[in-house]
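Participant: Okay, handing you the structure first.
Number of protein chains: 4
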Amino acid sequence: MTTTARIAVLGASGYTGAETIRLALGHGGLELAYLTADRQAGKPLAAVFPHLTEAGLPNLVKIDDVPFDQVDAVFCCLPHGTTQEVIRGLPAHLKVVDLSADFRLRDPALYQQWYGHAHAAPALQEEAVYGLTELHRDAVRNARLVANPGCYPTSAQLPLVPLLAAQAIERDGIVIDAKSGVTGAGRSLREDLLFTEVSDGFHAYGIGNHRHLPEIEQGLTDAAGEAIHVRFTPHLLPMNRGILATTYVRLGSGVRVADLAQILGEAYAGEPFVALRNGGKAPATREVRGTNRCLISVHADRIEGCAILVSVIDNLVKGAAGQAVQNLNLMLGFEETTGLQATATFP
Amino acid sequence: MTTTARIAVLGASGYTGAETIRLALGHGGLELAYLTADRQAGKPLAAVFPHLTEAGLPNLVKIDDVPFDQVDAVFCCLPHGTTQEVIRGLPAHLKVVDLSADFRLRDPALYQQWYGHAHAAPALQEEAVYGLTELHRDAVRNARLVANPGCYPTSAQLPLVPLLAAQAIERDGIVIDAKSGVTGAGRSLREDLLFTEVSDGFHAYGIGNHRHLPEIEQGLTDAAGEAIHVRFTPHLLPMNRGILATTYVRLGSGVRVADLAQILGEAYAGEPFVALRNGGKAPATREVRGTNRCLISVHADRIEGCAILVSVIDNLVKGAAGQAVQNLNLMLGFEETTGLQATATFP
Amino acid sequence: MTTTARIAVLGASGYTGAETIRLALGHGGLELAYLTADRQAGKPLAAVFPHLTEAGLPNLVKIDDVPFDQVDAVFCCLPHGTTQEVIRGLPAHLKVVDLSADFRLRDPALYQQWYGHAHAAPALQEEAVYGLTELHRDAVRNARLVANPGCYPTSAQLPLVPLLAAQAIERDGIVIDAKSGVTGAGRSLREDLLFTEVSDGFHAYGIGNHRHLPEIEQGLTDAAGEAIHVRFTPHLLPMNRGILATTYVRLGSGVRVADLAQILGEAYAGEPFVALRNGGKAPATREVRGTNRCLISVHADRIEGCAILVSVIDNLVKGAAGQAVQNLNLMLGFEETTGLQATATFP
Amino acid sequence: MTTTARIAVLGASGYTGAETIRLALGHGGLELAYLTADRQAGKPLAAVFPHLTEAGLPNLVKIDDVPFDQVDAVFCCLPHGTTQEVIRGLPAHLKVVDLSADFRLRDPALYQQWYGHAHAAPALQEEAVYGLTELHRDAVRNARLVANPGCYPTSAQLPLVPLLAAQAIERDGIVIDAKSGVTGAGRSLREDLLFTEVSDGFHAYGIGNHRHLPEIEQGLTDAAGEAIHVRFTPHLLPMNRGILATTYVRLGSGVRVADLAQILGEAYAGEPFVALRNGGKAPATREVRGTNRCLISVHADRIEGCAILVSVIDNLVKGAAGQAVQNLNLMLGFEETTGLQATATFP
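Protein sequence lines correspond, in order, to chains X, Y, U and G. Each residue of the first sequence is one higher than the last, beginning at 9 in my numbering. Each residue of the second sequence is one higher than the last, beginning at 9 in my numbering. Each residue of the third sequence is one higher than the last, beginning at 9 in my numbering. Each residue of the fourth sequence is one higher than the last, beginning at 9 in my numbering.
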């Protein structure tokens with residue numbers, strides 16, 4: 009087991025970068041050796057994140073100035089699209105967890121269809137392990153490059169994959185109505201992300217064609233063993249953190265609602281970060297704020313043969329930086345939960 | 009036409025009461041003669057609503073102390089359950105718009121099933137006209153007692169009724185995923201409505217068995233001409249005003265998505281308060297904040313034969329007090345839009 | 009009296025522009041003939057403000073394309089600095105209410121000191137009337153160009169000017185601790201105005217040297233008849249609308265706290281938009297949300313000879329567009345309150 | 009040094025109780041043996057705090073049912089007033105950190121004046137050590153009963169005490185304008201704490217006579233060596249956590265603003281939880297969210313001889329549960345920072 013690993017965070021000036029740093033600071037076994045932000049290189053981290061002023065971390069540098077031979081692992085928090093070339097250029101000894109979408113889709117044709125251009129590192133794409141940890145733990149443990157899942161896909165797959173694998177629900181007609189806090193959009197200078205444009209209101213976006221759709225369907229298709237197509241609508245909540253997915257399913261023949269709860273309970277028994285909530289009250293996003301947890305509940309619909317699933321995560325933690333640390337823990341031989349055991353901050 | 013009607017607001021210390029007062033103050037033809045709040049009787053209105061301190065309105069009184077012979081119409085903003093007996097006791101000359109749920113369900117058995125006790129005024133229940141104005145305008149005009157629709161049912165029925173009536177969508181499998189601001193819960197002293205418990209979080213409630221379900225299904229069943237059962241989940245948004253319903257439908261045989269837009273466009277052509285939004289961007293709740301409007305959009309789902317509808321209202325206006333004023337305007341012979349033409353306050 | 013005035017809104021794509029449009033739509037005597045936004049010219053207004061989609065307003069145009077000879081009055085909602093040249097170029101027959109800071113400081117040297125460059129239209133600056141309506145009503149009525157006050161200065165001067173004029177408070181040592189909603193910063197693409205950077209937090213800015221300081225002091229100096237210097241700190245609230253100023257004063261010799269209330273009560277007796285709140289409870293910003301009101305309260309401090317004033321406005325209404333309409337009403341001969349009588353939207 | 013201490017949390021169903029539990033769970037040396045909530049006794053903790061469902065903690069019990077002989081230390085999170093009698097009844101071997109206001113005022117007459125009744129445990133009041141850790145570290149280390157400071161007093165004293173002790177600022181005329189998140193009001197079922205009443209607005213309360221005033225003045229008087237009276241106004245922010253105090257001071261004779269920064273810098277050099285922020289940008293509450301930190305900045309006012317101090321804390325951590333853990337760490341011989349090293353969760 010590694011006792012201390014030297015880490016670089018590529019793209020340290022965005023929110024997933026900051027969250028990765030926050031978790032690494034409480035980890036005990038990760039040394040934040042290099043933090044990159046090409047346009048802010050040379051500045052102290054506090055210039056982009058004042059809350060880290062006293063953290064004692066190194067100044068921001070350019071990616072090209074990182075001596076990667078002195079680094080054990082990399083969290084790649086760069087924007088989609090630019091990531092492929094950066095990771096292609098990294099030395100082969102590095103463990104890499106990529107938080108972008110660049111390596112999540114196995115099929116290069118699918119990537120091209122949704123992102124509008126050919127993938128720049130198809131060999132790496134083939135090598136990358138999809139890091140939904142609970143579902144791919146062994147592969148992650150042996151991976152060199154992990155494609156960290158998207159936030160919506162994490163919230164959607166965790167409840168659905170065991171049910172599809174067990175053939176407990178119908179494979180068509182699944183509706184995933186998902187709602188996310190604003191940090192999911194990153195630290196982008198967009199008018200529609202201004203406080204004044206987001207607060208005290210709610211809207212849907214990317215209806216029917218959000219880029220997380222193929223990622224969700226890839227995972228569900230794997231689980232079901234045949235092509236799954238879902239109906240998926242993301243919405244923007246006037247709050248910072250949290251995703252809640254309300255998923256409408258129909259029961260398979262002879263299956264009862266209680267069976268769904270049992271399947272999920274068994275699937276995640278012993279899991280440190282995924283829990284089934286029984287008792288009828290659905291979990292709220294505030295119960296996972298700041299944590300690496302996913303909470304799931306199963307509800308009978310009033311209509312015979314129908315059930316409703318609710319799942320919640322913190323999009324920046326289990327939906328991004330937390331799962332990244334969870335994956336790197338496995339890759340480096342740390343205890344999987346190291347640095348991830350915080351209790352939710354409520355209120 | 010009435011030039012000025014003398015009005016009593018029964019239950020003036022809650023949010024629908026306050027919103028009714030706000031709209032009446034800007035109406036021009038409504039004199040707020042009596043405001044009741046039994047437990048606060050004798051106090052100035054400012055004791056319960058400081059923002060109305062300078063409005064020049066009468067002190068709060070008990071319902072029993074209202075001289076109803078000097079009143080033309082009543083907005084009844086009392087809690088569900090107590091309303092039946094109050095309205096039963098009112099003189100017959102009064103026009104009444106009831107904002108509670110008490111007279112919304114036509115079938116007494118259905119009422120008993122969902123509310124757990126027999127209806128106390130079944131004759132009135134039979135007389136009451138369901139006040140979803142755009143769909144029942146003529147009946148409202150001639151009504152003495154209008155059952156003002158619930159907020160969720162308003163947001164759900166306006167997009168669905170024309171489509172079901174036109175047989176443009178499948179009648180089963182409709183999913184209505186609805187999200188509401190906190191004012192929808194009223195001014196109740198409940199721990200789960202404290203700022204600290206609601207802010208910066210999101211949750212579902214009443215999953216599969218919310219009391220607005222039978223009201224929604226009653227309207228959809230009327231439209232379809234056969235029993236409709238929908239899947240409906242309400243959620244609580246960390247904001248004050250607004251409901252957004254995301255509705256998943258399947259197209260009827262031979263129907264295209266564009267047909268849905270056309271049907272809705274025709275259904276609401278000329279309507280002052282309902283508009284179809286074309287162009288692909290779904291309306292946000294903030295576009296109707298403080299207004300009596302319902303905005304609707306239609307979206308093709310990626311899956312063939314499926315469409316997604318988005319509808320937004322301000323739950324306190326079109327979902328409560330605004331529609332109540334709209335209905336009373338018709339009942340008293342005012343122009344339907346009187347007092348309701350405010351532009352959304354954005355931001 | 010004018011029955012209908014044709015209006016141009018210069019800078020219609022920002023928040024003060026939108027608020028001016030909102031108020032004009034409910035005015036009855038203002039026709040929104042031209043809306044400008046140079047970078048968005050040619051687009052429908054809905055492209056920048058979806059909530060105005062159904063308002064039936066003309067497309068955005070460039071300022072240079074406005075036929076000013078067919079316009080009676082102009083609301084100038086342009087950014088500070090650019091405004092001077094635009095207004096200098098307008099035909100002389102136009103009534104102009106300028107919502108920027110460009111004409112608020114009478115002394116060109118003071119302007120240069122705070123804005124870092126010479127004023128481009130010093131003659132106009134001399135002509136401009138400072139439009140704090142309650143204090144300069146007669147001058148406004150006869151003005152051609154009104155410099156509409158800043159939001160902080162409005163909230164600060166309304167309580168202080170009568171007290172200084174009456175010599176009821178000490179002239180030195182006044183502390184104005186002011187807090188503003190985010191709309192006060194305009195619709196600027198700044199990282200520090202993103203939802204994620206503003207929500208769930210609070211901070212001070214411009215400590216000791218905010219540009220509204222000289223404007224505040226100009227008004228207070230006029231009232232006192234000698235130079236007044238105040239201590240002023242602005243803060244950013246995680247909410248959209250509202251300014252609350254907490255002002256710490258010391259009583260003049262022989263003056264009691266009750267005298268302050270009396271002076272303010274008399275100063276604003278009969279005023280439609282300014283009210284003194286007695287009874288010990290300070291007004292909240294939510295009581296003026298969406299309205300043109302300023303509410304003021306006076307409180308005895310525990311320390312002998314000291315008092316605390318609280319004043320609240322909606323920064324977009326009484327602090328910007330509402331006062332602009334109030335001023336134009338006077339300039340055009342409308343009733344002063346026309347279009348401004350809305351009740352606060354609460355909650 | 010103690011390796012593991014058995015702890016009881018008295019009053020575990022409120023927010024300071026929950027926050028104490030959260031911090032204790034991440035401490036490593038504190039075993040949460042008993043959690044009390046008299047009215048909820050017998051229920052699982054999840055009944056009052058769903059986010060703690062998976063924490064593996066014992067059910068709630070009555071205080072009378074706690075076997076205090078099996079407990080090493082107590083966090084007392086009970087309401088003001090009831091606490092005195094409870095603590096009076098505890099066995100003498102227990103270390104106690106009281107988070108209520110009951111033991112904060114040394115002078116029984118002062119207590120009676122502000123709380124309206126005689127203190128029920130004056131001997132304990134004499135024994136209690138005021139636990140503003142940085143200022144009373146040695147006394148805390150040897151204390152059996154620590155009166156944990158109030159949230160406002162913590163934010164106010166940390167910047168002011170060193171300056172008064174150094175005679176660097178004038179002793180009269182200090183203005184403390186403080187703003188707090190809603191958790192400061194506790195989990196009280198009060199209408200004015202509903203989401204709908206707090207959100208999207210801002211107000212002052214307890215103007216000139218808040219109960220934290222005598223606590224603040226006690227600490228400042230101690231520091232100055234003579235009676236200090238301050239002007240203090242609390243305000244309620246529409247957010248959960250955080251206090252920001254803006255403090256207006258006048259410099260002592262011959263003192264420059266830079267001297268204030270130097271005094272504070274030296275006073276808190278080496279402190280793990282208090283930091284001076286230089287560079288002109290004042291700290292925001294979001295920089296300390298979830299942490300035990302206090303950040304302070306010093307700003308020159310434009311008026312000669314005047315300065316403005318800004319201080320921020322998380323009211324639930326450094327203003328309550330965090331400081332309580334910090335104190336108990338000292339009392340039990342743990343490293344002072346144990347369990348308190350979290351980085352702020354931003355955004």
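We treat Cβ as the ideally placed atom computed from N, Cα and C, and that holds for glycine. Since this is a predicted model, take the numbers as computed values, not measurements.
When the Cα of residue 282(G) is compared with those of 19(X), 137(X), 61(X) and 36(X), which residue comes out closest?
Facilitator: Among 19(X), 137(X), 61(X) and 36(X), the Cα nearest to that of residue 282(G) belongs to 61(X).
Participant: Mind pulling the chain G residues with CB within less than 9 Å of residue 293(U)?
Facilitator: Within 9 Å Cβ-Cβ: 208, 209, 210 and 211.
Participant: Give the C-beta separation of residue 331(X) and residue 141(X) to the nearest angstrom, bearing in mind that I take them to be a contact with Cβ-Cβ under 8 Å.
Facilitator: Confirmed, Cβ separation roughly 6 Å.
Participant: In three-state DSSP terms, what is residue 311(U)?
Facilitator: Of the three classes helix, strand and coil, the one that applies to residue 311(U) here is coil, per DSSP.
Participant: Going by alpha carbons, who is nearest to residue 67(Y) out of 38(Y), 94(Y), 18(Y) and 102(Y)?
Facilitator: Residue 67(Y) has its Cα closest to that of 18(Y), out of 38(Y), 94(Y), 18(Y) and 102(Y).
Participant: Under DSSP, the alpha helix (DSSP H) around residue 79(U) begins and ends at which residues?
Facilitator: That residue, residue 79(U), is in no alpha helix (DSSP H); it is neither H nor E in DSSP.
Participant: Here's the rule I'm using: 16 or more other beta-carbon atoms within 10 Å means buried, otherwise exposed. How should residue 11(X) be labelled?
Facilitator: Exposed.
Participant: For residue 166(U), which option in 342(U), 320(U), 71(U) and 78(U) has the closest C-alpha, if you only look at C-alpha atoms?
Facilitator: With distances taken between Cα atoms, residue 166(U) lies closest to 320(U).
Participant: Below 7 Å on C-beta distance, what does residue 256(G) contact in chain U?
Facilitator: Within 7 Å Cβ-Cβ: 183 and 239.
Participant: Assuming residue 338(X) contacts residue 179(X) under a Cβ cut-off of 8 Å, what Cβ separation, rounded to an integer in Å, is found between them?
Facilitator: At roughly 30 Å, the Cβ-Cβ gap does not stay under 8 Å, so residue 338(X) and residue 179(X) are not in contact.
Participant: Against chain Y, with Cβ distances strictly below 7 Å, would residue 203(G) count as a contact?
Facilitator: Yes, because at least one Cβ of chain Y sits closer than 7 Å to the Cβ of residue 203(G).
Participant: Looking only at DSSP bridge pairs, what is residue 319(X) linked to?
Facilitator: DSSP lists 253(X) and 304(X) as partners of residue 319(X).
Participant: Under a three-way DSSP split, which group does residue 106(U) fall into?
Facilitator: Strand at residue 106(U).
Participant: Name the chain G residues whose beta carbon is nearer than 9 Å to that of residue 33(X)?
Facilitator: Within chain G, the residues near residue 33(X) are 349, 350 and 351.
Participant: Look up residue 185(G) in the DSSP assignment and say whether it is helix, strand or coil.
Facilitator: Reduced to three states, the DSSP call for residue 185(G) is strand.
Participant: How about residue 18(U): is its C-beta nearer than 7 Å to some C-beta of chain G?
Facilitator: For residue 18(U), the answer is no, since every Cβ of chain G falls outside 7 Å of its Cβ.
Participant: Could you tell me whether any Cβ in chain X is nearer than 7 Å to the Cβ of residue 197(U)?
Facilitator: Yes - at least one Cβ of chain X is within 7 Å of the one on residue 197(U).
Participant: Here's the rule I'm using: 16 or more other beta-carbon atoms within 10 Å means buried, otherwise exposed. How should residue 322(Y) be labelled?
Facilitator: So residue 322(Y) ends up on the buried side.
Participant: If the cut is a Cβ gap below 7 Å, which residues of chain U does residue 191(X) touch?
Facilitator: Within chain U, the residues near residue 191(X) are 204.
Participant: Per DSSP, which one or two residues make a beta bridge with residue 212(Y)?
Facilitator: Answer is 243(Y).
Participant: Counting only the same chain and skipping the five closest in sequence on each side, list residues whose C-beta sits under 7 Å from that of residue 298(Y).
Facilitator: So the qualifying residues of the chain are 322, 325, 350, 352 and 353.
Participant: Buried or exposed: which applies to residue 235(Y), given that a residue is buried once 16 or more other Cβ atoms fall within 10 Å of its Cβ?
Facilitator: Result: exposed.
Participant: My understanding is that residue 249(G) touches residue 189(G), with C-beta atoms under 8 Å, so please give their C-beta distance in whole angstroms.
Facilitator: 5 Å between Cβ atoms; contact.
Participant: Look at the alpha carbon of residue 207(X) and the alpha carbon of residue 207(G), and state the distance between them as a whole number of angstroms.
Facilitator: Roughly 11 Å between the two C-alpha positions.
Participant: Taking C-beta pairs closer than 9 Å, name the residues in chain G that residue 30(X) reaches, listed in chain order.
Facilitator: Within 9 Å Cβ-Cβ: 350, 351, 352, 353 and 354.
Participant: Skipping 5 residues on each side, what residues in its chain have a beta carbon closer than 8 Å to that of residue 213(U)?
Facilitator: Same-chain partners within the cutoff: 242, 243 and 244.
Participant: Candidates 288(X), 127(X), 22(X) and 160(X): which alpha carbon is nearest residue 116(X)'s?
Facilitator: Of the listed residues, the one whose Cα sits closest to residue 116(X) is 127(X).
Participant: Who are the Cβ neighbours of residue 225(G) in its own chain at under 7 Å, not counting the five residues just before and after it?
Facilitator: Only 236, 237 and 238 meet the Cβ criterion.
Participant: Going along the chain, which residues of its own chain have a beta-carbon closer than 6 Å to the beta-carbon of residue 111(X), five neighbours each way excluded?
Facilitator: Hits under 6 Å: 133, 136 and 155.
Participant: Applying a beta-carbon distance threshold of less than 9 Å, which residues of chain Y neighbour residue 356(G)?
Facilitator: One cannot answer for residue 356(G) here, as it falls past the ends of chain G, which runs 9 to 355.
Participant: Only counting the same chain, and skipping five residues up and downstream in sequence, which positions put a Cβ closer than 8 Å to that of residue 54(U)?
Facilitator: If we look at residue 54(U) and ignore the five residues flanking it on each side, its Cβ neighbours are 60 and 61.
Participant: Mind checking if residue 316(G) is an interface residue toward chain U, Cβ cutoff 7 Å exclusive?
Facilitator: Chain U contact via Cβ: present.
Participant: Among 129(U), 42(U), 313(U) and 267(U), which has the Cα closest to the Cα of residue 97(U)?
Facilitator: Cα-wise, what sits closest to residue 97(U) is 129(U).
Participant: From what residue to what residue does the alpha helix (DSSP H) around residue 145(G) run?
Facilitator: It spans 145-149 - the alpha helix (DSSP H) in which residue 145(G) sits, taken as one unbroken run.
Participant: Where do the N-terminal and C-terminal ends of the alpha helix (DSSP H) with residue 179(G) fall, by residue?
Facilitator: Segment: none, residue 179(G) is in no alpha helix (DSSP H) and carries neither H nor E.
Participant: Along chain G, in chain order, which residues have C-beta atoms closer than 8 Å to that of residue 23(Y)?
Facilitator: Here the neighbours are 204.
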